[in-house]
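*Asks:*
Number of protein chains: 2
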Amino acid sequence: MKIFLAQQNYHIGNFEANTAKIIKAIEAAKQQQGDLIVFSELAVCGYPPRDFLEFNDFVEQCLAAIEKIRAVADTIGVLVGCPSRNPKVEGKDLFNSAYLLFEGQIKGIVHKTLLPNYDIFDEYRYFEPAYEWNVLEFKGKKLAVTICEDIWNVGDDPLYRVSPMDKLIEQQPDIMINLSASPFDYVHEDGRKQIIKQNVQRYRLPMVYCNTIGSQTEIVFDGGSLVMNTNGGLAAELPYFTEGMQSVIWNDDGSFSGNAAHNTAGVAMPDLTPKEFEPGKNIGKIHQALLLGIQDYFSKMGFKEAIVASSGGIDSAVVLALACEALGPEHVRALLLPSQFSTLHSVTDAEQLSKNLGNHYDTIPIKGIFESFEHALAPVFKGLPFNVAEENLQSRIRGALVMALSNKFGTILLNTSNKSELATGYGTLYGDMAGGLGVLGDLYKLQVYTLARYINRHREIIPKNIIEKAPSAELRHDQKDSDSLPEYSILDPILYQYIERRQGPREIVAMGHDPALVTRILKLVNTNEYKRNQFCPIIRVSPKAFGVGRRVPIVGKYLS
Amino acid sequence: MKIFLAQQNYHIGNFEANTAKIIKAIEAAKQQQGDLIVFSELAVCGYPPRDFLEFNDFVEQCLAAIEKIRAVADTIGVLVGCPSRNPKVEGKDLFNSAYLLFEGQIKGIVHKTLLPNYDIFDEYRYFEPAYEWNVLEFKGKKLAVTICEDIWNVGDDPLYRVSPMDKLIEQQPDIMINLSASPFDYVHEDGRKQIIKQNVQRYRLPMVYCNTIGSQTEIVFDGGSLVMNTNGGLAAELPYFTEGMQSVIWNDDGSFSGNAAHNTAGVAMPDLTPKEFEPGKNIGKIHQALLLGIQDYFSKMGFKEAIVASSGGIDSAVVLALACEALGPEHVRALLLPSQFSTLHSVTDAEQLSKNLGNHYDTIPIKGIFESFEHALAPVFKGLPFNVAEENLQSRIRGALVMALSNKFGTILLNTSNKSELATGYGTLYGDMAGGLGVLGDLYKLQVYTLARYINRHREIIPKNIIEKAPSAELRHDQKDSDSLPEYSILDPILYQYIERRQGPREIVAMGHDPALVTRILKLVNTNEYKRNQFCPIIRVSPKAFGVGRRVPIVGKYLS
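Chains as they are written, first to last, in our numbering: chain A, 1 to 560; chain B, 1001 to 1560.
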């Protein structure tokens, strides 16, 4: 039996485009005498559709897409993800389902049992879990079809009380097929292969695993669909961060022919979130994820041009370099906004950066505007000393200028705030926190440095001076980040323990960190939630990013 | 038996304050010979604690609070909400529980079965549902204790496959006691009483229902705790939007002595979200909810002073009036920011408003600053015509000025955007969309008018001219909202159908609305999600507010 895996990039709610893409793959597989083609979870509408699922109109369009796909599923079996309606009055109205289409008919529908409802996931918001389990019969074989999370309930501390494969195995299936929408983070990929291996070994069946790729606002899906034999060997592995389609031959003895180029299925189960912060971990994959995140944000929103406020600092340099790589330097403009507090090298470094990248840049000094604000505010401020009000004002003048260019030329502002800044509130709302997409918001400052060096791995794109100088917001004379914050080599590991690993103050102090510093940093994180709440979507690359996956109260008093 | 209901306002994560408040109520009830005192859901930590529950440290502090409360629960029984740990390895690690404390011991713990996971609720993110049900024995009586949502699974289309009271009734309890954290919205209250009545009639038992009050960032809890006899009569009803404590005598015949002042338990089950938009519905309660929302935001964040950008329009007038009522006019300052496009009456109306309210106001014309921006941008804009870039720039100059005062004087900016504007994207990010709290973000423009008239019910606080003139952003010469948007009397009902009632384009057109207009408005709503995503928390008064309760993709293509 010839089985195709279609690893595709969908556009949420764009039924026309998604259905056309699915049908095109089916037609190609038919031409190559495919018996079965497998798509990913909720392929017809894209994942995650979120509250669009509350619209009957949206669900009807999903079901209409299935009708169109059914019509071409004649000589080939199609397994595709789509919501289905719960026929019982009790329980939620929808299931998260996989449809088996064949001979122009819906041959079977299976429902997802384990509905992830943590981090970025909200599936129990929409779906009823399956409470009956049946294999799907296809060409004399029994397919144990599951959906994403369904195969993840393994290990010492299972999140759910039931595992659907434990039910399906009773019906003696011949194969496991899993339709996924499993997002990337820099520790997730190794874990995913190991989970599949655990299932293969536990149930003594091969697994066909089809994942989606593409970035959906903040969530990056990295693909890496694969086929694993019962012995744990990889018969196929699809590419990462790009679409792909591949066929495998399923032999009568139950094995799959073929050997994947990178057979890494034997890796040990990693600690899913490493105990210690590792600023260099998987930086190459993070780089790919950020590029895809930028590209898909622009292409799916219908945008072409980006703008970056280029300060001569490392964060904006990395964002500008990523934007030029993702969109082409001809689609990226930089805006230099020097103030009276900007050092000369900030300007020359930013200019050199754009010369290296080949993107257009403009320079608008903000001094005159700042003085006009000072003049207008003088009657109200009545000679009160320069303080955070004036610091923030400079940042907000820059925000207004870069947004003026954004509005005038239709360029989307890429935000340059990093995770260390966002965590501690070291940024100005409506100033440097402005923007449509947070490119570095899930990278601690030390990761930004690692990424800068990675970007320079072939040649010096980011001027060395930008990487080496002490970080500064340059909002008052001779300011350094370290005036307000501890050194990043101390700050970042503490933030990592609190944010990624949800360690409390006692646990973090027990790791050897200074108690007063831990108290101060955790308080900064919690009291600045109101700022992050108004921040743009952040491309997620870690197991715990700020944004939809981290929901903490704004008004509250915990460690604050 | 003398039972106390303690309807209290908690501060999320402030264990010291919450525990002290709970213990104080217990001591008062003991002095009055109370047998049992009932608190609300998750009282020890406040509701909703959100991802704080992922911190072991936080859960330990919850359990430590129980220990303190247990020590005073000697001669009186205490029913109080608190998380508990799931002893099984399978399933999530926590339950949402009610503890019965008596004679210095934990006499029993029951867990919530039905975990709401819609709108603003995320309980399945944290909690395992109960799968065993037992009454609690107390002084020879059997208490059927449930938690909030547990009693809501009634009606023709139940959301859950199990109802815990159906299980508990098998053990022949004597009474139902429900610990709630049930939020206000302007259609919810009537429904809540009716739900309780349905339970009372179905299980033929009286119900003690204890709700929390207080605003938690965006969610307002309105209290209204009550005791209902088996005949549906109210034996007690606690106040709305304020703390309260009341005792009732539970007689040996199973009835409660006492008659509530407003015995409205016989109301018919309302359509929970009315089929048609009613801009005047429950405006008095909305007014109370907004006042509480402002007050609790300030008191719980530790703020005292507010600032409002006062334009002479109706939205800022209503916000200023609410702020003065909630915080006192001595704690509120207005900032008038006229431009070359502001009409004279905008300034005089805004001045008159502050004179009526008695709050301090300053005036800073923005013309000079705007010209300095134009001058700085001229080399880049090269004579391109005035367009949305310059319109937004004026709004952002205002944003920067009002934030400069906010930073200088420690005043929190109250945002004045209404729901109609937020829905259609008729606002400027980092300009008039700036602020710490969205006071009117859950009121359509027609509701804002109703509220303005309500505020003027005793005397003219908001000058008549502000209410009567045509709404305008005044960002270009002679601009009116109606240049860009349909009249609010047409717009608001369409928005209501789409947002509150999740009706699709076909359904809305079938109600008689113009198809092209419906398409245009729904597209505006969906394409402006990116703006709302960066908006501050909105005080929620409707069954579907923008913010945490409405989660739609930013990048997507559905009705857009």
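Backbone N, C-alpha and C fix where the C-beta goes; we use that ideal spot for every residue, glycine too. Predicted model only: the values in this text are computed from it and were never measured.
Should Tyr430(A) and Tyr1160(B) be called a contact, given that it needs their Cβ atoms to be closer than 8 angstroms?
*Replies:* In the first sequence, the residue the question calls residue 430(A) occupies position 430. In the second sequence, the residue the question calls residue 1160(B) occupies position 160. Contact: no.
*Asks:* Quick one: grab the DSSP three-state call for Val1110(B).
*Replies:* Your numbering for residue 1110(B) matches position 110 in the second sequence. Reduced to three states, the DSSP call for Val1110(B) is strand.
*Asks:* If the cut-off is 9 angstroms on Cβ atoms, which residues from the stretch 379-390 of chain A count as contacting chain B, listed in chain order?
*Replies:* So the close ones are Pro379, Val380, Phe381, Leu384, Asn387, Val388, Ala389 and Glu390.
*Asks:* Does the distance from the C-beta atom of Tyr1558(B) to that of Val1525(B) stay below 8 angstroms?
*Replies:* Numbered from 1 along the second sequence, position 558 holds the residue referred to as residue 1558(B). Numbered from 1 along the second sequence, position 525 holds the residue referred to as residue 1525(B). No, Cβ-Cβ distance for Tyr1558(B) and Val1525(B) is not below 8 angstroms.
*Asks:* Using C-beta distances below 8 angstroms, list every residue in its chain close to Phe39(A), excluding the 5 sequence neighbours before and after it, in chain order.
*Replies:* To locate residue 39(A), count along the first sequence from 1; it is residue 39. Around Phe39(A): Ala6, Gln8, Ile22, Ala25, Val78, Leu79, Val80, Gly81, Leu179 and Cys210.
*Asks:* Tell me which same chain residues have a C-beta within less than 8 angstroms of the C-beta of Val1347(B), skipping the five on either side of it?
*Replies:* Looking up residue 1347(B) in the second sequence gives position 347. For Val1347(B), where only same-chain residues beyond five positions count, the Cβ hits under 8 angstroms are Gly1312, Leu1336, Pro1338 and Thr1363.
*Asks:* Determine the DSSP secondary structure at Glu1460(B), reduced to helix, strand or coil.
*Replies:* The count along the second sequence starts at 1 and reaches residue 1460(B) at position 460. Glu1460(B) falls in the coil class under three-state DSSP.
*Asks:* Quick one: using the 10 Å Cβ neighbour count with 16 as the cut-off for buried, is Ala289(A) buried or exposed?
*Replies:* By one-based count along the first sequence, residue 289(A) stands at place 289. Flag for Ala289(A) reads buried.
*Asks:* Spatial neighbours of Trp1133(B) within its chain, please: C-beta separation below 6 angstroms, excluding the five flanking residues on both sides.
*Replies:* Looking up residue 1133(B) in the second sequence gives position 133. Cβ neighbours of Trp1133(B) beyond the five flanking positions: Pro1164, Lys1167 and Leu1168.
*Asks:* Could you tell me the alpha carbon to alpha carbon distance between Val248(A) and Val135(A), rounded to whole angstroms?
*Replies:* Reading the first sequence from its first residue, position 248 is the one you call residue 248(A). Reading the first sequence from its first residue, position 135 is the one you call residue 135(A). Each residue's Cα considered, the two are about 21 angstroms apart.
*Asks:* Using 8 angstroms as the cut-off, can you tell me whether the stretch 1410-1427 of chain B makes contact with the stretch 1436-1445 of chain B, which would need three or more C-beta pairs spanning the two stretches below that distance?
*Replies:* Touching, per the Cβ criterion.
*Asks:* Identify every residue that forms a DSSP beta bridge with Ile307(A).
*Replies:* Position 307 of the first sequence holds residue 307(A). Paired residues: Arg333(A) and Leu413(A).
*Asks:* Can you list the residues of chain A that Thr1217(B) reaches, using a CB-CB cut of under 7 angstroms?
*Replies:* The sequence position of residue 1217(B) within the second sequence is 217, counting from 1. By Cβ distance, chain A contributes Pro553, Ile554 and Val555.
*Asks:* Going straight from the alpha carbon of Met1245(B) to that of Leu1238(B), what length do you get?
*Replies:* Here the question's residue 1245(B) lines up with position 245 in the second sequence. Here the question's residue 1238(B) lines up with position 238 in the second sequence. Cα to Cα, Met1245(B) sits roughly 7 angstroms from Leu1238(B).
*Asks:* Take Ala1265(B) and list the residues in its own chain whose beta-carbon comes closer than 7 angstroms to its own, dropping the five residues that flank it on each side.
*Replies:* Here residue 1265(B) refers to the residue found at position 265 of the second sequence. Confidence is the limiting factor: at Ala1265(B) the pLDDT is only 49, short of 50, which leaves the residue's position unreliable and the question unanswerable from this model.
*Asks:* On the DSSP letters alone, give me the boundaries of the beta strand (DSSP E) that Pro1083(B) sits inside.
*Replies:* If you number the second sequence from 1, residue 1083(B) lands on position 83. Counting along the chain, the beta strand (DSSP E) containing Pro1083(B) begins and ends at Gly1077 to Arg1085.
*Asks:* Under 8 angstroms between beta-carbons, which chain A residues line up against Cys1536(B)? List them in chain order, please.
*Replies:* In the second sequence, residue 1536(B) corresponds to position 536, counting from 1. Here the neighbours are Tyr530, Asn533 and Gln534.
*Asks:* Going along the chain, which residues of the stretch 157-185 of chain A sit with their C-beta nearer than 8 angstroms to a C-beta in chain B?
*Replies:* From the stretch 157-185 of chain A, only Asp157, Pro158, Leu159, Tyr160 and Arg161 have a Cβ closer than 8 angstroms to chain B.
*Asks:* Can you check whether the CB of Tyr186(A) is closer than 8 angstroms to the CB of Ile286(A)?
*Replies:* Residue mapping note: residue 286(A) aligns to position 286 of the first sequence, counting from 1. Residue mapping note: residue 186(A) aligns to position 186 of the first sequence, counting from 1. Yes.
*Asks:* With a cut-off of 8 angstroms on the beta carbons, I'd call Ile461(A) and Ala321(A) a contact; round off their distance for me.
*Replies:* Within the first sequence, the letter at position 461 stands for residue 461(A). Within the first sequence, the letter at position 321 stands for residue 321(A). Confirmed, Cβ separation roughly 5 angstroms.
*Asks:* Look at His375(A) and Gly1399(B) and say whether their C-beta atoms are less than 8 angstroms apart.
*Replies:* Walking along the first sequence from the start, residue 375(A) turns up at place 375. Walking along the second sequence from the start, residue 1399(B) turns up at place 399. Not a contact, by the Cβ cut-off of 8 angstroms.
*Asks:* On a Cα-Cα basis, can you pick out the residue from Ser1255(B), Ser1406(B) and Leu1451(B) that is closest to Ile1283(B)?
*Replies:* As a first step, residue 1283(B) is located in the second sequence; it is residue number 283 there, counting from the start. Closest option to Ile1283(B), Cα to Cα, is Leu1451(B).
*Asks:* Does the beta-carbon of Asp432(A) have 16 or more other beta-carbons within 10 angstroms, so that it is buried, or is it exposed?
*Replies:* Translated into positions along the first sequence, residue 432(A) becomes position 432. When all chains shown are included, Asp432(A) counts as buried.
*Asks:* What's the gap between the Cα of Ser1395(B) and the Cα of Leu384(A)?
*Replies:* Translated into positions along the second sequence, residue 1395(B) becomes position 395. Translated into positions along the first sequence, residue 384(A) becomes position 384. Their Cα atoms are separated by approximately 25 angstroms.
*Asks:* Rounded to the nearest angstrom, what separates Ala510(A) and Arg502(A) at their Cα positions?
*Replies:* Counted from its first residue, the first sequence places residue 510(A) at position 510. Counted from its first residue, the first sequence places residue 502(A) at position 502. Approximately 14 angstroms between the Cα atoms of the pair.
*Asks:* Please work out which residues of its chain come closer than 7 angstroms, Cβ to Cβ, to Arg551(A), disregarding the five sequence neighbours upstream and downstream, and give them in chain order.
*Replies:* Taking the first residue of the first sequence as position 1, residue 551(A) is located at position 551. Here the set comprises nothing.
*Asks:* Quick one: grab the DSSP three-state call for Cys210(A).
*Replies:* Taking the first residue of the first sequence as 1, we reach residue 210(A) at position 210. Strand at Cys210(A).
*Asks:* Does Gly438(A) have its Cβ less than 8 angstroms from a Cβ in chain B?
*Replies:* Locating residue 438(A) in the first sequence gives position 438, counting from the first residue. No, Gly438(A) lies away from the interface with chain B (no Cβ there is under 8 angstroms from its Cβ).
*Asks:* Nearest by alpha-carbon distance to Leu437(A): which of Ile412(A), Asn456(A), Asp157(A) and Arg459(A) is it?
*Replies:* Residue mapping note: residue 437(A) aligns to position 437 of the first sequence, counting from 1. Of Ile412(A), Asn456(A), Asp157(A) and Arg459(A), the residue nearest in Cα terms is Ile412(A).
*Asks:* In three-state terms, what does DSSP make of Met433(A)?
*Replies:* Indexing the first sequence from 1 puts residue 433(A) at position 433. Here Met433(A) sits in coil by DSSP.
*Asks:* In three-state terms, what does DSSP make of Met228(A)?
*Replies:* Locating residue 228(A) in the first sequence gives position 228, where the first residue counts as 1. Strand.
*Asks:* Which residues mark the beginning and the end of the alpha helix (DSSP H) in which Gln1497(B) is found?
*Replies:* Locating residue 1497(B) in the second sequence gives position 497, where the first residue counts as 1. From DSSP, the alpha helix (DSSP H) with Gln1497(B) extends over Tyr1488 to Ile1499.
*Asks:* Using a Cβ-Cβ distance under 8 angstroms, would Ile1397(B) count as near chain A?
*Replies:* Your numbering for residue 1397(B) matches position 397 in the second sequence. Yes, Ile1397(B) counts as interfacial toward chain A.
*Asks:* Give the interface partners of Arg1050(B) over in chain A, defined as CB-CB distance under 8 angstroms, in chain order.
*Replies:* Taking the first residue of the second sequence as position 1, residue 1050(B) is located at position 50. The answer, in chain order, is Arg551, Val552 and Pro553.
*Asks:* Would you call the CB atoms of Ile539(A) and Val220(A) closer than 8 angstroms?
*Replies:* Taking the first sequence and counting its residues from 1, one reaches residue 539(A) at position 539. Taking the first sequence and counting its residues from 1, one reaches residue 220(A) at position 220. In contact: Ile539(A) and Val220(A) (Cβ atoms closer than 8 angstroms).
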